[in-house]
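The structure appears below as structure tokens.
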Amino acid sequence: MDENEKYRDLFFEETDEHLENLNDGVLTLESNPESEETIDSIFRSAHTLKGMAATMGYETMAKLTHKMENVFQYFKNKTIEVNSDSISLIFDCLDALAEIVENLRDEEAIDSSEISHLIQRLEEIEASESKEVEESIEIIEKINFPIEFLSEEDINLINQLKDTSFNAYCVSIRLDKECSLKGPRVFLIMDRVNELGEVSYSFPDTETLEQGEFGQDFHFILISENTIEEIRDNILSNSDIENLLVLNAEECLNDSSIEKVIMEKNENPDVKEIEVLQSKIKKVTKHEQQTIKVDLEKLDTFMNLVSELVVYRTRLENITLTDNKNEIKEPLTEVARITSELQDLVLKIRMQQVSVVMNRFPRVIRDLSRDLNKEMTLIIEGEDTELDRTVVSELSEPLIHLIRNSADHGIESPERRIELGKSTVGEIKITAFQQGNRVIITVSDDGKGLNPTLIKKSAEEKGIITDGLSEKEILHLIFHPGFSTAKKITNVSGRGVGMDVVHSKISELGGTIDLQSTVDVGSTFTINLPLTLSIIQSLMVKVSGELFALPQGAIEKVVEVSESDIKQVHMQEVYMYQHTAIPVIRLDKVLGLNNKDSDFKEKPHLILVLLGKKYYALMVDELVGQQEIVIKKLGRELRHLKKYLGATILGNGDIAMILDTNVICSEDSVTSL
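Counting in our numbering, the final residue of the sequence shown is number 983, and the numbers go up one at a time with none missing.
Shown next, in the form of structure tokens:
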């Protein structure tokens, strides 16, 4: 296997981070063009990306980032003005880089024509300037080769090469202070150096370099037929290099210094001090490494093992209750405690801040402002709120749909906003906060809001019955598949797919979405999500003799009813709750089960669930009890069963299906409206 293959994952991981930093940095630069700190930051990221791409052999990516780096240098020298056009070009390049990275991940071909066009646009900027771009690598601080650590054998070898075609070079490299994973970085550098010749000596030693347990500098002797310029070019194609020194070994050594080094090597107190210092550096480095990056597959495996532990803990508890085996109660209590702690730990490990998704949105708003000719600002609050990483990774699509709809349909033109007495700058606000075992995310705008009259008219044109619907229920029709009130289809929105996609995706994540809107004031979408999708508290119920699990997150109340409590209104069974008629959903009929006893139990139970601001009553035959369950996804053959979140293995070994209240109530809501 190719050596570079070993570091593909590292390359992609670091590339994603640098692309995110560049997007954030360029966005900041547009609003603050005079910030030298921002320019330095994006320059370093571009330089690092260029080096990483060249090291991995991705020449197209390296060339594009090199041209971007040159433009950043012009920004730095103030020979090019930072304006909207130049920033837009850089953003186009960043989008292209992101696409290149995805193609490399999937091992797909790269569209070189688009890249060539971007490089041409960047070169046009370069051609318009007469000043040359300064060297990417500057000598920041003098760096010397430590000849005092050379052995007599090393020095003799250098002298023996004088009469051959080979040359010995003393090479000293200083890594950037911010360089992460120094060991792999050194490996990539040395891997390329070995293409030019043979490394006969290194300081620190190879093991120390591989472990990354050194400061910034490392040194080696290279035996090669190449020139100093060729060696410099080879090394500088790598990333994270702050300083480089390549000298012919004859310049480092002479006859008098050789003898002096050999005699003083063992008695030089400075050498001993350096050795002590090196050992201290190793210790300090080890203490500083307090965080690690874990492969997601390993984390998922850990989660699955803990989930199985929870299942077997429940089975043991059931056996103890059944057989009354007192002798195992105490150890079982300890097993239960440890399992619970492990469960809490793995859930915390899986948590990820929603900022991972939200950090992309300022760029989205910036691009939408230009495309739509509208002035808009984005406010983000609570970006440090944490969710299960599985949920976070799926949030981007629905949130971007909401933002795009707010920008396109919500925020008015500057002229219209002036007529309404509003600021010309429209505001879109995203907030996130934790509420119990749920996370609430809101997306709001101060735009024109949703007009119930227009929505009702559009719904009726599509054959949707709206008689008897409340204003709130009419607003929720925008989540109906294919529904749109847009008079004109744009590249941004208006094709009637966005809001349906949002509703479906949020439902898949076990969440709900609610909507509040006032004409000429604005709209607010409220998303309610579970903290985790792996282990949940549930209410076990029986329907037609079958056992099912209902997630407790959406359950508001459980009531025992009689037949007289159920009323018939407009062909829909309803139950009066808090002076409101809420639709009754018979689970036996919805799930296609045959209730052998009768159509109506003497004392059935209604499970009142709250989805958004609307209540539904799920009718079940019997309550079994509360239980913590592990969600197992359905296999490919059963994925078409949309009314189920998954399945779970109970303590006695039985399998119970987990009902998806969002889907069940949404499907029934068509008849209940």
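Every residue gets a Cβ at the ideal spot worked out from N, C-alpha and C, and that includes glycine.
For N393, DSSP assigns no beta-bridge partner whatsoever. V620 is a Cβ neighbour of T649, given a cutoff of 8 Å. Sequence-distant Cβ neighbours of R431 in its own chain, meaning closer than 7 Å and more than five residues away, are L399. DSSP places H880 in the coil class of the three-state scheme, outside both helix and strand.
A distance of 8 Å or more separates the beta carbons of I545 and V509. Annotation: the stretch 343-421 contains the following complete segments of the alpha helix (DSSP H) (minimum length 4 residues), in chain order: 346-366, 369-387 and 394-415.
Per DSSP, T643 lies in no beta strand (DSSP E); the unbroken alpha helix (DSSP H) holding it starts and ends at K639 to I659. Of all alpha-carbon atoms in E696, T734 and E783, the one lying nearest the alpha-carbon of S679 is that of T734.
Partner residues in the beta bridge of R484, as assigned by DSSP, are D527 and N553.
Bounds of the beta strand (DSSP E) holding D755 are R748 to D755. Closest in C-alpha terms to H427, from the list K377, K658 and L506, comes K377.
Counting along the chain, I545 sits inside the alpha helix (DSSP H) bounded by residues I538 to L546. When C-alpha distances from Y926 are compared across K899, E883 and I965, the shortest belongs to E883. G757 and V869 have their alpha carbons spaced roughly 42 Å apart. In this structure, E552 keeps its C-beta atom at 8 Å or more from the C-beta atom of R625. Note on K924: 16 or more other CB atoms within 10 angstroms of its CB, so buried under the neighbour-count rule. I968 and K373 have their C-alpha atoms spaced approximately 53 Å apart. Within the DSSP bridge table, the entry for Y925 names L920 as partners.
Look at R949 here: in three-state DSSP terms it is coil, with no helix or strand label.
For R946, the number of other beta carbons within 10 angstroms of its own is below 16, and it is reported as exposed. Around the beta carbon of H950, a 10 Å sphere encloses fewer than 16 other beta carbons of the protein chains shown; the residue is thus reported as exposed.
Beyond the five residues adjoining it in sequence on each side, N838 comes within less than 7 Å, by CB distance, of R748, I750, G821 and T822 in the same chain, given in chain order. When the beta-carbon positions are compared, Q662 and I845 stay at least 8 Å from each other. Beta-bridge partners of T828 (DSSP): G832.
F528 is positioned such that its CB atom lies closer than 8 Å to that of F513.
Going by C-alpha positions, F353 is about 42 Å away from K472. The C-beta distance from Q826 to E938 rounds to 34 Å, too long to meet the 8 Å contact threshold. As the crow flies, the alpha-carbon of Q521 is around 9 Å from that of L491. Bridge partners of S512 according to DSSP: F530. Rounded to whole angstroms, the separation of the alpha carbons of V411 and I533 is 36 Å. Counting along the chain, D970 sits inside no beta strand (DSSP E), nor does DSSP assign it H or E at all. Scanning its chain for C-beta atoms nearer than 7 Å, with the 5 sequence neighbours on each side dropped, one finds around A363 the residues M371, A372 and T375, in chain order.
Contact check for I689 and E737: beta-carbon distance about 7 Å, within the 8 Å limit, so the pair qualifies. Looking at the DSSP output, D319 shares a beta bridge with no other residue.
Residue state for D964 is assigned as coil, using DSSP reduced to three classes.
Distance from the CA atom of I390 to the CA atom of D402, rounded to whole angstroms, is 18 Å.
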